[in-house]
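Residue numbers (the numbering used here), protein chains in the order written: chain Z, 733 to 1151; chain H, 2 to 599.
For every residue, glycine included, the Cβ atom is placed at its ideal position computed from N, Cα and C.
Just so it is clear, the structure is predicted and the values come from calculations on it, not from any experiment.
Here's the structure we're looking at; comments come further down.
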Amino acid sequence: MGRESHKMKALSLLRSRICDPKFVFKPLHDSPDSNYSKLKFMISSSITEACNNSILLLGPRGSGKSAVLELVVGDLLVEYPDMISVIKLSGLLHSDDNCALKEVARQLCMEHQLQFSKAASFDDNSQFMVAMLKECGLAHKTIVFILDEFDQFAQGKQRLLYSLLDAMQSITSQAVVIGISCRLDADQLLEKRVRSRFSHRKLLFLPPSTEDSKRILEQVLSLPVDSSFPHDYAVEFNRKVQDILEDRRFKETFNKYLNLDSSIKHLLRFLFCAVSCMDLQTGFLTYENFETAFSSILRQPKLECLKNCSILELYILVCMKRLEVKEQTLCNFNSIMKEYKNVHDSFQTSDYYARNVCLRAFEHLINRELICFTDSRGYGSSVEFRPVKLLISSAELHQGLKAYHSCPAILHKLMDREG
Amino acid sequence: MMRSKTSSVADYMDKEQTPKITRRTTRSLASATTLDNPVTEVTNFGPPSAANHPMVEGDPEVDKEGTPQIPRRTTRSFASAFNSDNIATKVTSIDPPTINDLLVGGDPISLDDLISAFPGRRSQIVELMRLLGPLNSPTLPLFVYGGPSTGKTSIILQLFRHLNRPLVYSSCSTCYNQRILFESILNSLFLHRKSAANGYSNAKRCDRPSDFVNFLRDALANVINNLKSNSEKLTSNKMAARGTGNMIYLVFDNFHLVREWDKSSTIVPFLFNLYDLLNMPEVGLIFISSTSPDTYYANMGYVEPVPVFFPDYTEVDLHQIFLRNQANQKLYSSFLDVVLRPFCRVTRQVDELFTAFKSLFEKYCEPLSDHSVAPSEDMKRRLFSHLKPHIGSYLNEIFKISSLPSLEVEIHKETKRKGNPKKLERSEEIEELEFHMSTCAKYLLISAFLASRNPVTLDDSLFDPTGGLNNRKRKRKTSAKAQEQKQSAEEELVTKGPGTFPLERLLAIFQCIVSVAEDPSDEEEQRNGGLGIEGGKGGLMSDVLLQLSSLCNANFIIKGGSCPIEGSTRYRSAISEGLALKVARSLKFPLSKYLYRR
């Protein structure tokens, strides 16, 4: 039991590291000109100098904006206890202004142990917020507003943003507004009056370079060489990891993966799959784990779908393709059936089935999302008359037919003839 | 007020003794009256089922004093139940739900049992187990997808039964909008069960995602604390490995239906981002969908969950699946060798093949007298040749699920056959149309079909206002131009489908047809004893608009948009020619004469 448990412990440790964004981002941002330090400097200066400030954090999804912000806030709460209160709003949940103000009031009440009434109206809540800002300003306490998915707040009338930024203009209030968004033009979405009250500070979060990604890999995958693991096991494990990272094949796979999307969350997904494939018998990572992870994450869903189709469904797809090539403008189930009959008559295929069977196969294809109706919500006619179109290209169809293990040769011939 | 039966008893008793009207009573009533609270209690409590139960013996009796008193009838079981203290106590004896209710439950199963229970799914089960990881290790959200009836839901549930970890399962087909989904998840997490005590209400009223996240955080914190305290009680290392762990998993089944909900543009990214919003490592999310992740289009981005793909079963897997639970394995295996390959060319879904194979297997076994014998090679060949001619016809019926005739109908059929042979023909004809419609509705349906099929210009020539088919012969042009016109008209019919018609045209055709059919159908009425049209034309017309709206609701006639010039709504017939012919045949209506034939 003891021998098994340290391997499992190692696996659990790696997995919890991967699922915890703070662990990953901490070492990356220790240098003085990193976003972490800039952000920390800005917020701490507004706390100490008792002034208002606003800033936007921009960058593609998964590049660590929220994680870095949490690290900063965590550190500041330790450094300046009792001088900060944090309010978190999310554009996904609180894009409606009523909802957002209610949430602000609720969080303020929770922090300061006040009674929160659910029946308060929008005006009540906004008055409450302004009053709280004044009070906190008098008490030299800074309120930090974190607005996640900032671009969602900028839809509609932007009442919340305006009231927030407006309240910050008075001398008595002390607030910092931090907006996080994936749209790089989030500040262009603001109305004129809101934008004028906004200090145009932006911090850009760029995806890491290849060396940085490698460094993250090493950091995450190295076991600590201390008393929590048997010493030889940990050393051997780290050595094996180094070997993999130096491997040429691994470098190729890794670069291919990062070419798609080099943000850190994407990288962590890859690591998660690889680590979960770790063989618990040996207790070490191998190159094959990474390769399995690579193929299981990057899939070609339409080709898989085609492999799942039955032969009758392939016939229907090929008939639709032929209709498209013949440039028939209207393609619906009846015209497909006509083409199917033509094919059967000219080539004497063995797969000729009745109309109701073909209709059911047609519906299967619609469920698989290989074809779809072109009229949206067409309640005006029955299934057989509604126009449909293909959702896969001819190249994909070709590839799918080639990969199909028992595809009748006639289908290949039909596809090749027209194109 | 004397009932006849009592008087007959009295008469009978007359012979022997003085006529005494004995009070006839039932056993239950006698026992009920021996209780403290007599008949009046029973009448207070009377649930309808007890009161309407017919007694095996007796009529309501007559009181000795002669005043008519009809006590509530009651059953023996109800009276004995009433003997117990209080019915209300039975309801509250159900225990309130505990944290163990979040487990799948049932006997523990081993990994080998799990893999052998799902043939062909070994690699998916192993992959899922590896992604879920050892006990108490956090996991990124998973996205399980694959075609219908590939075993996704059952494998996940059985896997959690094997792992013995708590989960909250919610299906997006039963919870058909976001409010019901949120409230059902919160009910499970707050360990709340709807009962009469709380008025069958939910734990929390939750409409919006913001409220849901707040409540969810509280509920999850509670549950996780519970789990942690439970696992701390199991102190030794060995026991902790068998415990349920500190993590809880949320499973969203049928996730592809969420795309069609009302607020789908916000709820799909919300649920995908739920893991980041909650920021709790003790929660795992699993999405089950029948379409791949690239079919989820959202305005906002999200970090994609880890995909797990369930491919459709191969023929070898299907062979193994169908062999399970069969009485005679060898016989069924030889059957599968014959039918599996041709049927797999049409579909590979397990549920559809299953219904098709059931009836086909009976046909296959027809020449066998003993169904438990293992077939030899010779016998296999014989059975194959017996089945071969039928495979084609069964293939064309593969998706048809024929309703099993009930036993009564079978007996009825037998007696009918023994009876009047002439009547048999008519019953066969009526049986062709598988459902029942009123005569007015049938005529309306036929008129709609004709209105959709025939061009407007032909109405005059086809329908005589005084009734009857206009017998003027239509000269058929056989020039090449006419052929071309016919072909293009046919193509138009194919592509555009049935045409639309306004209400007035439908009613005009309806009146013409009904006036034609009324005279011969009168004779039928007298023969059949008055079924069919009553009250002549007047009675028929008042029903028509009502029938039209019910036909629209049943999707036989589709109500389209209004024509921009005329402004009235237009209708379209949605039935096939086969159905129209069946309906016409059941009315003995010569449909083919009225159809515009290309």
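- [ ] For A518 of chain H, count neighbouring C-beta atoms within 10 Å of its own C-beta (all shown protein chains included) and say buried if the count is 16 or more, exposed if not.
- [x] buried
- [ ] Give a yes or no on whether the C-beta atoms belonging to E1045 of chain Z and H1096 of chain Z are separated by under 8 Å.
- [x] yes
Open item on the list: If we define contact as Cβ-Cβ less than 8 Å, is G500 of chain H a contact residue for chain Z?
Closed with: no
Open item on the list: Contact between the segment 1069-1088 of chain Z and the segment 1129-1139 of chain Z is defined here as three or more beta-carbon pairs at a separation below 8 Å; is this criterion met?
Closed with: no
Open item on the list: Helix, strand or coil for I110 of chain H? Go by DSSP, reduced to three states.
Closed with: coil
Task: Under 7 Å by beta carbon: chain H residues contacting G794 of chain Z - done: V304
TODO: For chain Z, find out if any of its Cβ atoms is closer than 8 Å to the Cβ of V214 of chain H; answer yes or no.
DONE: yes
- [ ] Check I1124 of chain Z in the structure and name its three-state DSSP category.
- [x] coil
- [ ] Quick one: residues in its chain with C-beta nearer than 6 Å to the C-beta of L192 of chain H, no 5 flanking neighbours on either side, listed in chain order?
- [x] P98
Open item on the list: The alpha helix (DSSP H) that contains P149 of chain H, what's its start and end?
Closed with: Where P149 of chain H is concerned, there is no enclosing alpha helix (DSSP H), given that its DSSP letter is neither H nor E.
Task: Boundaries of the beta strand (DSSP E) in which Y250 of chain H is found, first to last residue - done: I249 to D254
- [ ] Report the option in Z:Q1080, Z:V862 and Z:M774 whose CA atom is closest to the CA atom of V805 of chain Z.
- [x] Z:M774
TODO: Please name the residue in Z:N1099, Z:E1023 and Z:S1126 whose C-alpha comes closest to that of P149 of chain H.
DONE: Z:N1099
TODO: Can you tell me which of the three DSSP states Q330 of chain H falls into?
DONE: helix
TODO: Return the residues of the segment 979-990 of chain Z that lie within a Cβ-Cβ distance of less than 7 Å from chain H, sorted by chain order.
DONE: none
Task: Nearest-angstrom beta carbon gap, L897 of chain Z and V926 of chain Z [assumed within contact, 8 Å] - done: 6 Å
Open item on the list: Buried or exposed for C1104 of chain Z, going by 16 or more other Cβ atoms inside 10 Å?
Closed with: exposed
Task: C-alpha distance - Q847 of chain Z paired with L132 of chain H, whole-angstrom precision - done: 44 Å
Open item on the list: Is the beta carbon of A852 of chain Z closer than 8 Å to that of A832 of chain Z?
Closed with: no
Open item on the list: Taking beta-carbon pairs under 7 Å, can you tell me which members of the segment 740-771 of chain Z lie near chain H?
Closed with: M740, L743, S744, R747, S748, C751 and D752
Task: Same chain only: Cβ atoms within 6 Å of R586 of chain H, ignoring 5 sequence neighbours per side - done: none
TODO: Could you tell me whether the Cβ of D1083 of chain Z comes closer than 8 Å to any Cβ of chain H?
DONE: yes
Task: As assigned by DSSP and simplified to three states, the class of F1105 of chain Z - done: strand
Open item on the list: With a threshold of 8 Å between beta carbons, is H738 of chain Z in contact with chain H?
Closed with: no
- [ ] Pull out every residue of the segment 334-363 of chain H whose Cβ sits closer than 9 Å to any Cβ of chain Z, in chain order.
- [x] C345, R346, V347, T348, R349, Q350 and E353
Open item on the list: Checking 8 Å against the spacing of the C-beta atoms, do L251 of chain H and A220 of chain H come in under that value?
Closed with: no
Open item on the list: Give me the chain Z residues within the contact set of I399 of chain H, using Cβ-Cβ distance strictly less than 7 Å, ordered along the chain.
Closed with: V1089
TODO: Going by DSSP, name the residue or residues bridged to L821 of chain Z.
DONE: Z:L879
- [ ] Could you tell me which chain H residues have their CB closer than 8 Å to the CB of F1026 of chain Z, listed as they occur along the chain?
- [x] Within chain H, no residue comes near F1026 of chain Z; the closest Cβ sits about 13 Å away, beyond 8 Å.
Open item on the list: Mapping the DSSP letters down to three states, classify G285 of chain H as helix, strand or coil.
Closed with: strand
TODO: For E843 of chain Z, go through chain H and note every residue whose CB falls closer than 7 Å to its CB, in chain order.
DONE: Result: empty, since nearest Cβ-Cβ is about 15 Å, beyond 7 Å.
TODO: Would you identify the three-state DSSP class for I186 of chain H, choosing helix, strand or coil?
DONE: helix
TODO: Verify whether the separation of the beta carbon atoms of L1143 of chain Z and Y1072 of chain Z is less than 8 Å.
DONE: no
Task: Cut-off 7 Å between Cβ atoms - residues of its own chain near F271 of chain H, not counting five sequence neighbours on either side - done: P210
- [ ] Can you say whether D313 of chain H is buried or exposed, counting buried as having 16 or more other CB atoms within 10 angstroms of its CB?
- [x] buried
- [ ] Take D460 of chain H and list the residues in its own chain whose beta-carbon comes closer than 8 Å to its own, dropping the five residues that flank it on each side.
- [x] R506, A509 and I510
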